[in-house]
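Here the protein sequences line up with chains A and B, keeping their order.
Using my numbering, the first residue of the first sequence is number 212, and each one after it goes up by one.
Using my numbering, the first residue of the second sequence is number 432, and each one after it goes up by one.
Don't be surprised by glycine CBs; every beta carbon is placed ideally from N, CA and C.
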Amino acid sequence: MSLLGGGIFKGMAVTLRNFVGSYFDKERLTTKEYAWRNDDKLPERAGDYPKEEAEQLSDTTTVTHYSRNFPMLLHDEGEPMDTVRCVACQICERECPPQCIYIEKSKDKKERGGNKAQFYPATFDIDVSVCMSCQICVEVCPFDAIVMNSQFELSTPDRFGGLLLRRDDLLKSNDYYHKIHPEEAAARDKRIADEKAAKEAKKKAAEEAKKKAAEAKAKAEAKAKAKEEMGGIEKPTETPDTPPADTKKEGNAE
Amino acid sequence: MTAAAPNYELIQQDDLETSLLEVSMGPHHPSTHGVFRMDVKLDGETVVDLKPVFGYLHRNHEKLAESMSYLASMPFTDRLDYFNSMTNNWAYALAAEQLIEIEIPERAEYLRVIMSELTRLVNHVSLVGFFVNDLGALGTPLLYAFREREKILDLFEQASGARMMCNYFRFGGLRCDVPEGWLDRTREVVDRFPKFLDEYEKLLCENEIILSRTQDVGNLSKELAISAGITGPMLRASGVNYDIRKVDNYGIYDRFKFRVPYSKGEVGDCYDRFMVRMLEMRESIEILKQALDGIESGPIMGNAGKVFKPAKAEAYGRVEAPKGELGFYLVADGTTQPYRYRVRPPSFINLTVLQDMCIGQQVADAVIILGSIDIVLGEVDR
């Protein structure tokens, strides 16, 4: 220690450099404007959000598209309840760590998007005062029906009812999902398309196998018939009517 | 571990009766060190006896985990030590992975190391900020620290979707891959960090006020540290070369070249604990650089089944968390829920020597000693 207080002056020089530097170097700023997208402008007053964008998209433009907040239910193009992906299988309800999801299955089945008729959620509530944004429900969902929203302006004067999101609050279109999480949504859509293509290919292969089996059967029958006509020395061995190997039962996954 | 209060004779003067003063420090602000109370017995300014009182933040973590599936308690581990959710995830995943046969892909191993070392930077840099905040340097160093921490938290958000409650590790890998360009952004942050550390060291390490307040305050001997089960930077500050990254070589830590800083002196005072953390950040940067060079693309999830249902077994997984040895002990009974779930929290066990360190010190130093232990009450109380 050469000079008493030398260390303090050294430290002072650092703070001075940071203070002056913060006017020139953005990296030195301790606070920054909370607007992430280049074309995004923050409103002048609270509550002054631009409303031209559909739904509450404006609420989410101040966060990155990686961030997650609370879950929402996805539906495809069309009327929300006609195209909702959820089939009320209740896996998310069972797996939710803080148990904040409540689902009631519908009594009837409804056809959606050209698939076979499925149940739909008659009630689907998420208590966001309990939800801890862990994304487990998204992971366990086999139908890609539930994903994370990034809307965070949910403050309400009603402590219980206002924070209980009902089914109709939770329903959001796939387009909205693409707007708030572009990368994730694109990856998900690609995966769904791939899976669908794989399934179709499998179905096609299965159909072909069936056709082949039928042809083989017809051939065998014809052969047997021919033999019978020739004198019937040999008893025809029936081709077993087994289903093709690849018709895996998909069940609810349609 | 708690030594009895020394045989202390009160200063008695003629015609004047003096007695010990009992002060209840805390429980106050929930964000500095959490809701924690110290019952301190004072003679003048000197601490004669100290009793830590905690449990204000107890939320039944262990019992809760026994009543839900293995995966479902992963997000709850984030909330133990809420500064270091990534290392908490890793310790739990490590314990669960011992219960089943599973191979973790290369890329996932690298990302685990990267996340864990970034976490160490976040923890140490903010701890140093809080520590000098306790000394009375209000704001400035802490805000510099938080400015750097924010850059790393942005990286966490991009990878996992959340800044602090990441919930990113899974049994057999990671939940999702990092987005495109993430590794480049990480490299940028890592490359810039040493410059900040130089500045930070210049600001703090030679400051006479810090030296006089922290040197020879809250001494912890090597023997007591070992026998009390102290781990992490606090043990190394007392002169023991012990780091689980080197001892266990869990994950792929054996592939990286790094040094373990520990104090050569036998004192183990607050300044040692502060300096060990400053030096550890440099080594973390070395590991990060090597990991960023070595990482290759590939899958990030092993062949784990959809349902995690291990056979009857028990497992203990531990990692070198920034605060010390964090371990998870699991007993599986063949169902989808753990039969027993136990956390070995480093901050709780490091806190047990608080009384021994504080007795005989000034009351103002008790605050610094507590700050130098580096506790998070989310983990102490569970």
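First and last residue of the uninterrupted alpha helix (DSSP H) at residue i
| i | result |
| --- | --- |
| Glu453 (chain B) | Element bounds for Glu453 (chain B): not the alpha helix (DSSP H) but the beta strand (DSSP E), Leu452 to Met456. |
| Asp480 (chain B) | Careful: Asp480 (chain B) lies outside any alpha helix (DSSP H), inside the beta strand (DSSP E) at Thr477 to Val484. |
| Asp551 (chain B) | One detail in the question is off: residue 551 (chain B) reads as Arg in this sequence, not Asp. From DSSP, the alpha helix (DSSP H) with Arg551 (chain B) extends over Glu537 to Leu566. |
| Pro625 (chain B) | Trp613 to Leu635 |
| Tyr747 (chain B) | It is not in any alpha helix (DSSP H) - Tyr747 (chain B) instead sits in the beta strand (DSSP E) that spans Ala744 to Ala752. |
| Lys472 (chain B) | Run containing Lys472 (chain B): none in the alpha helix (DSSP H); it sits in the beta strand (DSSP E), Arg468 to Asp474. |
| Asn519 (chain B) | Ser516 to Leu530 |
| Ile302 (chain A) | Ile302 to Glu306 |
| Leu651 (chain B) | Run containing Leu651 (chain B): none; DSSP gives neither H nor E here. |
| Ile641 (chain B) | Glu639 to Thr645 |
| Asp236 (chain A) | Premise fails: Asp236 (chain A) is in no alpha helix (DSSP H) and is neither H nor E. |
| Leu666 (chain B) | Pro664 to Ala668 |
| Met505 (chain B) | Met505 to Asp509 |
| Thr294 (chain A) | Pro291 to Thr294 |
| Leu808 (chain B) | Leu808 to Asp812 |
| Asp512 (chain B) | Note, Asp512 (chain B): premise wrong, no alpha helix (DSSP H); not H, not E. |
| Leu785 (chain B) | Leu785 to Cys789 |
Under 8 Å between C-beta atoms of residue i and residue j
| i | j | result |
| --- | --- | --- |
| Pro692 (chain B) | Arg676 (chain B) | no |
| Phe330 (chain A) | Lys316 (chain A) | yes |
| Phe848 (chain B) | Val544 (chain B) | Absent from the model: residue 848 (chain B). The displayed extent of chain B is 432 to 813, so no value can be given. |
| Ile312 (chain A) | Ser361 (chain A) | no |
| Phe739 (chain B) | Glu714 (chain B) | no |
| Met596 (chain B) | Ser384 (chain A) | no |
| Ile302 (chain A) | Cys352 (chain A) | yes |
| Leu761 (chain B) | Ala526 (chain B) | yes |
| Pro536 (chain B) | Asn598 (chain B) | no |
| Pro741 (chain B) | Ala763 (chain B) | yes |
| Asp470 (chain A) | Leu375 (chain A) | In the structure as shown, chain A begins at 212 and stops at 465. Residue 470 (chain A) is therefore absent and cannot be evaluated. |
| Leu382 (chain A) | His286 (chain A) | yes |
| Ala356 (chain A) | Cys297 (chain A) | yes |
| Cys348 (chain A) | Phe281 (chain A) | no |
| Ile314 (chain A) | Glu304 (chain A) | yes |
| Gly373 (chain B) | Met732 (chain B) | This structure cannot speak to residue 373 (chain B), because chain B is shown only from 432 to 813. |
| Val609 (chain B) | Leu719 (chain B) | no |
| Gly222 (chain A) | Leu634 (chain B) | yes |
| Ser669 (chain B) | Ala656 (chain B) | yes |
| Glu639 (chain B) | Gly216 (chain A) | yes |
| Ala539 (chain B) | Phe759 (chain B) | no |
As assigned by DSSP and simplified to three states, the class of residue i
| i | result |
| --- | --- |
| Tyr575 (chain B) | helix |
| Lys320 (chain A) | coil |
| Leu605 (chain B) | strand |
| Tyr684 (chain B) | helix |
| Met499 (chain B) | coil |
| Glu315 (chain A) | strand |
| His492 (chain B) | helix |
| Leu284 (chain A) | strand |
| Thr449 (chain B) | coil |
| Ala797 (chain B) | helix |
| Val231 (chain A) | helix |
| Trp247 (chain A) | The predicted model places Trp247 (chain A) with a pLDDT of 43, which falls under 50 and marks its position as unreliable, so this point remains unresolved. |
| Phe739 (chain B) | coil |
| Glu255 (chain A) | Any reading at Glu255 (chain A) must be qualified, since the residue scores a pLDDT of 47, below 50, and its modelled position is unreliable; no value is offered. |
Where the beta strand (DSSP E) containing residue i begins and where it ends
| i | result |
| --- | --- |
| Tyr770 (chain B) | Pro769 to Arg775 |
| Tyr760 (chain B) | Gly755 to Ala763 |
Any non-hydrogen atom of the ligand SAH within 7 Å of residue i CB
| i | result |
| --- | --- |
| Asp674 (chain B) | Although the ligand SAH was asked about, the structure shown includes no ligands whatsoever. |
Exercise for the section: Would you check if the stretch 302 to 309 of chain A and the stretch 499 to 516 of chain B touch, i.e. whether three or more CB-CB distances between them fall below 8 Å? Expected result: The stretch 499 to 516 of chain B makes contact with the stretch 302 to 309 of chain A, as at least three CB pairs between them are under 8 Å.
Practice task
Write down every uninterrupted run of the alpha helix (DSSP H) in the stretch 368 to 406 of chain A whose length is 4 residues or greater and which is fully enclosed by it, in chain order.
Solution key: 378 to 381 and 385 to 391
Problem - In chain order, each alpha helix (DSSP H) run of at least 4 residues that lies wholly inside the stretch 320 to 365 of chain A - result: Along the length of the stretch 320 to 365 of chain A, whole alpha helix (DSSP H) runs at least 4 residues long occupy 347 to 351, reported in chain order.
Practice task
Evaluate contact between the stretch 764 to 782 of chain B and the stretch 794 to 807 of chain B, counting only Cβ atoms and requiring at least three cross-stretch pairs below 8 Å.
Solution key: yes
Handout entry: the stretch 787 to 803 of chain B / the stretch 644 to 654 of chain B touching (three or more Cβ pairs under 8 Å)
Key = yes
Handout entry: Continuous alpha helix (DSSP H) assignments of at least 4 residues falling wholly in the stretch 674 to 736 of chain B
Key = Listed in chain order, the complete alpha helix (DSSP H) runs (minimum 4 residues) inside the stretch 674 to 736 of chain B are 675 to 678 and 701 to 725.
Exercise for the section: Count the CB pairs spanning the stretch 478 to 488 of chain B and the stretch 568 to 584 of chain B that are closer than 8 Å, and state whether there are at least three. Expected result: no
Handout entry: Sufficient close CB pairs (3 or more, under 8 Å) joining the stretch 782 to 801 of chain B to the stretch 538 to 557 of chain B
Key = Put simply, the stretch 782 to 801 of chain B does not touch the stretch 538 to 557 of chain B. Fewer than three CB pairs are less than 8 Å apart.
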